[in-house]
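Peer 1: My structure is below; once you've seen it, I'll send some questions.
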Amino acid sequence: MSDYGIKISRKGFDVRTCADHELLFSSEFPLLMIHSSGTLTFDANSNQTLVTHNLGYAPIFLIFITAGDPAFTDGQSHLISPGTSQFFRMSTTNLIWDGAGWGSNMTIRYYIFRRPIETNFEADVFNSAQTSENPGSDYVFKLSKEGKDVSSTDMRDFIINSDTRNMLIHKTDFDDRVPGSWTIDHNLGYEPMFLFYCAIDSAGDGRYQLVATAEDSQATATSTQITVSTAYTGTYGYIIFKDPILL
Amino acid sequence: MSYKVIITLPGYNAQTATPEQCSLHSDFPTPKMETGKFGSTSYTFASNPGVSTTNLLTINHGYSYTPMAMAYIKFSGGPVVTPFFCILPYVIGFDVFPDWEKKFVAYATATQFKIDYIVSGTPPTDPNVNGMTVFMKYYIFAEDGA
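Sequence lines, in order, name chains F and D.
Residue 30 in the numbering used here sits at position 30 of the first sequence, with consecutive numbering throughout.
The numbering used here runs 247 ahead of the 1-based position in the second sequence.
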């Protein structure tokens, strides 16, 4: 059993007293790490593999559509919607487009994260009480990407930077569900950021899609629970972050 | 010269741990939000919009590119039965697929981040959002959104 650890607070917060979500990172809970990202333009009239990740598990992912979604104007980068999320589906090896006959080309920015959707994890809540930020602090902790200068002012050049908030993972799990609603306790004491994924049984292939918000499926957050409702039988996986929705 | 910074979760050896067993791994960046690029606001409808786009929030994000962005919203005083925070886009009802006639959307362009309520097609009268307040929380990341 190990009893050591390391934590670094975000700039302006006292690491000894700050809330978990005011940390840059802690060895007690993982960061959401980007495995790969890129842009693609593809003929959405045909089913196809968009990205091969070969992680061996279905990972957490995000898709932002920038062109080809008739619900938006081209150039408006938006998270996939109830109208599109069902067609972007993640397997243990590939991100797949499954919306043959869409009618146009589509352009996306994808993010695949180094985190299985099917993971059971829950961090302790060490401190959830928000503290005051000291704007006069002048320290910083930075790790730049390989080949990038640590003095860069472009935050995309960094693995991590204490001038920024990051996505700290609090809880992840998955379960088989039938149509209806259920709750998930998180015990954070505030409404946290979260994402939900579903592998719908009727699709028959175990591939996950992001659950967007609509009347047939949605997830909402309170200070103690996430409530999920759905009209579909399937396996549901979620990721709840330390980061509060409101701050 | 190749180097790494690896910090594992409790109980794992940094020399053998997979990235999934780490708290921090210098091969894998994390999405980052700078101060001033996230916040909250609210909007109360003074009438029920017809077929139109109602802008609820516009932020000049200051990046020289289209960033990755997300938003959560909740409602009070109206017909939309979501009193707790949910992620955008939010489609109201089961309208015409695929362009959905009534929806709350969040998106980023090369200069701005916006949250809109869009009514397209007919009928625009159901639901009536007059008097409804929308609470919005937005996150504009430093990472590319396009």
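Backbone N, C-alpha and C define an ideal beta-carbon position, used for all residues, glycine too.
1) Decide if residue 179 (chain F) is buried, meaning its Cβ has at least 16 other Cβ atoms within 10 Å, or exposed.
2) Please work out which residues of its chain come closer than 8 Å, Cβ to Cβ, to residue 253 (chain D), disregarding the five sequence neighbours upstream and downstream, and give them in chain order.
3) In angstroms with no decimal places, state the Cα-to-Cα distance between residue 36 (chain F) and residue 288 (chain D).
4) Under a CB-based cut-off of 8 Å, is residue 32 (chain F) close to chain D?
5) Starting from residue 364 (chain D), follow the beta strand (DSSP E) in both directions and report where the run begins and ends.
6) Under three-state DSSP, which class holds residue 243 (chain F)?
7) Cα separation between residue 23 (chain F) and residue 7 (chain F)?
8) Is the number of C-beta pairs between the segment 38-54 of chain F and the segment 96-108 of chain F that are closer than 8 Å three or more?
9) So, is residue 390 (chain D) buried or exposed, given that buried needs 16 or more other C-beta atoms within 10 angstroms?
10) Alpha carbon to alpha carbon, what distance is there between residue 376 (chain D) and residue 62 (chain F)?
11) Please name the residue in F:228, F:82, F:115 whose C-alpha comes closest to that of residue 209 (chain F).
12) With 16 as the cutoff for other CB atoms within 10 Å, does residue 384 (chain D) come out buried or exposed?
13) Using a 10 Å radius around the Cβ and a threshold of 16 neighbouring Cβ atoms, would you call residue 191 (chain F) buried or exposed?
14) Measure the C-alpha to C-alpha separation of residue 55 (chain F) and residue 111 (chain F) and round it to an integer number of angstroms.
15) With residue 335 (chain D) as the anchor, note down where its beta strand (DSSP E) starts and where it stops.
16) Counting pairs of Cβ atoms below 8 Å between the segment 188-205 of chain F and the segment 231-238 of chain F, do you hit three or more?
17) With a cut-off of 8 Å, do at least 3 Cβ pairs link the segment 129-144 of chain F to the segment 223-232 of chain F?
18) For residue 108 (chain F), which residues of its own chain have a beta-carbon under 6 Å away from its beta-carbon, when the five flanking residues on both sides are left out?
19) Any idea which residues DSSP pairs residue 60 (chain F) with across the strands?
20) Within 10 angstroms of its Cβ, does residue 213 (chain F) collect 16 or more other Cβ (buried), or is it exposed?
21) Just verifying my parser: in three-state terms, what is the DSSP assignment at residue 386 (chain D)?
22) Assign residue 149 (chain F) to one of two classes, buried (16 or more other C-beta atoms within 10 Å of its C-beta) or exposed (fewer than that).
23) At the 8 Å Cβ level, is residue 257 (chain D) part of the contact set with chain F, yes or no?
24) Could you please give the first and the last residue of the uninterrupted beta strand (DSSP E) stretch that includes residue 115 (chain F)?
25) If I follow the unbroken beta strand (DSSP E) through residue 102 (chain F), where does it start and stop?
26) Could you give the distance in angstroms between the alpha-carbon of residue 121 (chain F) and the alpha-carbon of residue 259 (chain D)?
27) Nearest CA to the CA of residue 89 (chain F): which residue from F:228, F:205, F:77, F:171?
28) Drop a sphere of 10 angstroms on the beta-carbon of residue 14 (chain F), count the other beta-carbons inside from all chains shown, and report buried for 16 or more, exposed for fewer.
29) Is residue 13 (chain F) close to chain D, meaning its C-beta is less than 8 Å from at least one C-beta of that chain?
30) Measure how close the beta-carbons of residue 302 (chain D) and residue 361 (chain D) come, nearest whole angstrom, since I'm counting them as under 8 Å.
31) Can you give me the Cβ contacts of residue 69 (chain F) inside the same chain, cut-off strictly under 8 Å, excluding the 5 residues immediately before and after it?
32) Residue 118 (chain F) touches chain C at which residues, Cβ-Cβ below 9 Å?
33) Measuring only between beta-carbons, confirm whether residue 72 (chain F) sits less than 8 Å from chain D.
34) Can you tell which of F:119, F:134, F:51 has the C-alpha that lies nearest to the C-alpha of residue 97 (chain F)?
35) Between residue 82 (chain F) and chain D, is any beta-carbon pair separated by less than 8 Å?
36) Between the segment 305-317 of chain D and the segment 349-358 of chain D, are three or more C-beta pairs nearer than 8 Å?
Peer 2: This is what the structure gives:
1) exposed
2) 261, 264, 269, 271, 272, 273
3) 32 Å
4) yes
5) 359-366
6) strand
7) 7 Å
8) yes
9) buried
10) 30 Å
11) F:82
12) buried
13) buried
14) 14 Å
15) Looking at the DSSP string, residue 335 (chain D) is not in any beta strand (DSSP E), and its letter there is neither H nor E.
16) yes
17) no
18) 40, 63, 65
19) Partner(s): none; residue 60 (chain F) has no beta bridge.
20) buried
21) strand
22) exposed
23) yes
24) 105-116
25) Element bounds for residue 102 (chain F): n/a, residue is neither H nor E.
26) 15 Å
27) F:205
28) exposed
29) no
30) 6 Å
31) 78, 81, 83, 84, 106
32) Judged by its chain identifiers, the structure shown contains no chain C, and its protein chains are F and D.
33) yes
34) F:51
35) yes
36) yes
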